[in-house]
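**Student:**
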Amino acid sequence: GAVVSQHPSWVICKSGTSVKIECRSLDFQATTMFWYRQFPKQSLMLMATSNEGSKATYEQGVEKDKFLINHASLTLSTLTVTSAHPEDSSFYICSAHGQATDTQYFGPGTRLTVL
Amino acid sequence: GENVEQHPSTLSVQEGDSAVIKCTYSDSASNYFPWYKQELGKRPQLIIDIRSNVGEKKDQRIAVTLNKTAKHFSLHITETQPEDSAVYFCAAIASSGNTPLVFGKGTRLSVIA
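This is the structure we're talking about:
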């Protein structure tokens, strides 16, 4: 089956710093990747849709200047949380949508804690 | 856009009993309905899915049914085991290759031994 990796698996940072999270599709090319955020005991909330070679599409209420997304290749998308604050602490999960399948495959997630 | 409602939010069953989780969707264009199981701190894992040209699909103890007319789909787990305890999410998508899944709010299933 398709494998999606995410790095790092967890990160702790100070308020005001930036954090970059990588999402890679390891054995297939992902034309589209999605970034979700999940707060404790809640569902996955879509933050943005990342299309290879074009600008990401952000969901309403998600600040594009705070959550920078880059999808420079068919196997890599990155999410940078800029000037992180404690309220940004969450579980960030990416998913990759293959070219020939409806199924989305999730990365293992990144737990971000902002002190 | 699509809206997915999921019920119940919590469900406790005795080991060996069946568990049923129900979802409704709003967009008649949706045609792919996956179910995910998520254990604490881990990624959602696809456990079963169904497409709109099929009414029912079964995989061992897990089955999913779809009623397109009513825009309902359900997850059925039979002979539940303690390891089935997790949060289950339904989702819907109008399959076009570039659209994201829309998730329900999740059901926390507890199987009591």
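Chains A and B supply the protein sequences, listed in that same order.
Start counting the first sequence at 1; every next residue gets the next number (this note's numbering).
Start counting the second sequence at 1001; every next residue gets the next number (this note's numbering).
For glycine and all other residues, C-beta sits at the position ideal for the given N, C-alpha and C.
1) Determine the direct distance from the alpha carbon of A:THR75 to that of B:TYR1184, and round the result to whole angstroms.
2) Looking at the secondary structure, which residues open and close the beta strand (DSSP E) in which A:PHE39 lies?
3) With DSSP run on the structure shown, which of helix, strand or coil describes B:ASP1049?
4) For B:ASP1084, does the three-state DSSP call read helix, strand or coil?
5) Check for me: the beta strand (DSSP E) holding B:ASP1059 runs from which residue to which?
6) Cα-Cα, which of B:ILE1047, B:LEU1109, B:VAL1020 is closest to B:PHE1073?
7) Between the Cα of A:VAL47 and those of A:GLY53, A:THR31, A:VAL11, A:THR78, spot the shortest distance and give me the residue it belongs to.
8) In whole angstroms, give me the CA-to-CA distance for B:GLY1055 and A:ALA96.
9) Taking the CB atoms as reference points, tell me whether A:TYR90 and A:LEU112 lie closer together than 8 Å.
10) Identify each residue in the segment 51-66 of chain A for which the Cβ-Cβ distance to at least one residue of chain B is less than 8 Å, and report them in chain order.
11) Since B:GLY1106 contacts A:SER43 with CB under 8 Å, what's their CB separation in whole angstroms?
12) Any chance the segment 1077-1096 of chain B sits against the segment 1057-1066 of chain B, with 3 or more Cβ pairs inside 8 Å?
13) So with CB distances below 7 Å, who are the chain B contacts of A:PHE106?
14) Can you pull the chain B neighbours of A:PHE34, defined as C-beta to C-beta under 9 Å?
15) Label A:HIS71 either buried or exposed according to how many other C-beta atoms from any shown protein chain fall within 10 Å of its C-beta, with 16 as the threshold for buried.
16) Can you tell me whether B:ILE1093 is buried or exposed, with buried defined as 16 or more other CB within 10 angstroms of its CB?
**Tutor:** Inspection of the coordinates gives the following:
1) Not covered by the structure: residue 1184 of chain B. The range shown for chain B is 1001 to 1113.
2) Translated into the one-based positions of the first sequence, residue 39 of chain A becomes position 39. A:PHE39 -> no beta strand (DSSP E), and no H or E assigned at all.
3) Taking the second sequence and counting its residues from 1, one reaches residue 1049 of chain B at position 49. The answer is strand: DSSP assigns B:ASP1049 an E or B state.
4) Translated into positions along the second sequence, residue 1084 of chain B becomes position 84. Helix at B:ASP1084.
5) Here residue 1059 of chain B refers to the residue found at position 59 when the second sequence is read from its first residue. Looking at the DSSP string, the run of the beta strand (DSSP E) that includes B:ASP1059 is 1056-1059.
6) Against the second sequence, residue 1073 of chain B aligns to sequence position 73. Looking at the Cα atoms, B:VAL1020 is the closest of the given residues.
7) Numbered from 1 along the first sequence, position 47 holds the residue referred to as residue 47 of chain A. With the sequence shown as reference, residue 47 of chain A is identified as Met, and Val is not the correct amino acid for it. Looking at the Cα atoms, A:THR78 is the closest of the given residues.
8) The residue labelled residue 1055 of chain B in the question sits at position 55 within the second sequence. The residue labelled residue 96 of chain A in the question sits at position 96 within the first sequence. Near 27 Å, if we compare the C-alpha coordinates of A:ALA96 and B:GLY1055.
9) On the first sequence, position 90 is the one that residue 90 of chain A refers to. On the first sequence, position 112 is the one that residue 112 of chain A refers to. One detail in the question is off: residue 90 of chain A reads as Ser in this sequence, not Tyr. Taking 8 Å as the Cβ cut-off, A:SER90 and A:LEU112 qualify as a contacting pair.
10) ASN51
11) The residue labelled residue 1106 of chain B in the question sits at position 106 within the second sequence. The residue labelled residue 43 of chain A in the question sits at position 43 within the first sequence. Confirmed, Cβ separation roughly 5 Å.
12) yes
13) Translated into the one-based positions of the first sequence, residue 106 of chain A becomes position 106. Within 7 Å Cβ-Cβ: ARG1043, PRO1044.
14) Looking up residue 34 of chain A in the first sequence gives position 34. Under the 9 Å cutoff, chain B gives PRO1100, LEU1101.
15) As a first step, residue 71 of chain A must be located in the first sequence, where it is residue number 71. Buried is the call here.
16) Here residue 1093 of chain B corresponds to residue number 93 of the second sequence, with the count starting at 1. With 16 or more other Cβ atoms within 10 Å, it is buried.
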